[in-house]
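One structure below.
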Amino acid sequence: MNTNALSLIEQLIERTKNEEISWKPYSNEKSKVKPLYSSLLDSASISSVITRPVFLPNGSYFCTYNNGCFFLLLYQLVTSSVKIELRAQTNHSTNSKLCASSSTDDSQVASQLKRLYNLVESKPDSSEIDEFINSFIQNE
């Protein structure tokens, strides 16, 4: 069991529930996930385009924290199933880091990651709407 990944996911769940962090739908304009580090010598990085998962930006989310971002990225697999990745990056990093994936052999990490995703997906970001309403009320 990857206790570091599990602790991170549990903290993200708790802070999301307590509204200490706010997740927003992924958008290339507002936040761009940086590529994962890969060596040119790594044969695993040369995977077939046919078997490579397809990124689904419409089902993906991000949140900012201090000088970085967390990403919940959704991918469509060839088998018609989906994969969730939790990634982190700082504002000044060159790459993002894969913290957890729902395709891991660790069932506890995979289930907690799905729990986080379901929580984020069920909580629509209404901060922009709240700002609009407050602006309207203040300009009576």
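With the numbering used here, the residue at position 39 of the sequence shown is 1081, and numbering never jumps. Virtual Cβ for every residue (Gly too), placed ideally from N, Cα, C.
Residue i, enclosing alpha helix (DSSP H) - first and last residue
i, result
"L1155", "1149–1164"
Cβ separation of residue i and residue j, assumed to be a contact under 8 Å, to the nearest whole Å
i, j, result
"L1128", "F1112", "7 Å"
"S1144", "K1165", "The pair is not a contact, with the Cβ atoms about 19 Å apart (cut-off 8 Å)."
"S1102", "Y1068", "4 Å"
Residue i and residue j closer than 7 Å at C-beta
i, j, result
"N1046", "V1151", "no"
"V1162", "L1114", "yes"
"Q1154", "I1063", "no"
"S1123", "V1075", "no"
"T1093", "V1120", "yes"
Which residues DSSP lists as bridging residue i, in chain order
i, result
"I1063", "Bridge partners of I1063: none, in fact."
"F1104", "K1066, F1113"
"Q1118", "V1096, V1124"
Under the three-state DSSP convention, the category residue i falls into
i, result
"L1098", "coil"
"L1050", "helix"
"I1171", "helix"
"T1132", "strand"
"Q1180", "helix"
Boundaries (first-last residue) of the beta strand (DSSP E) holding residue i
i, result
"L1140", "1139–1143"
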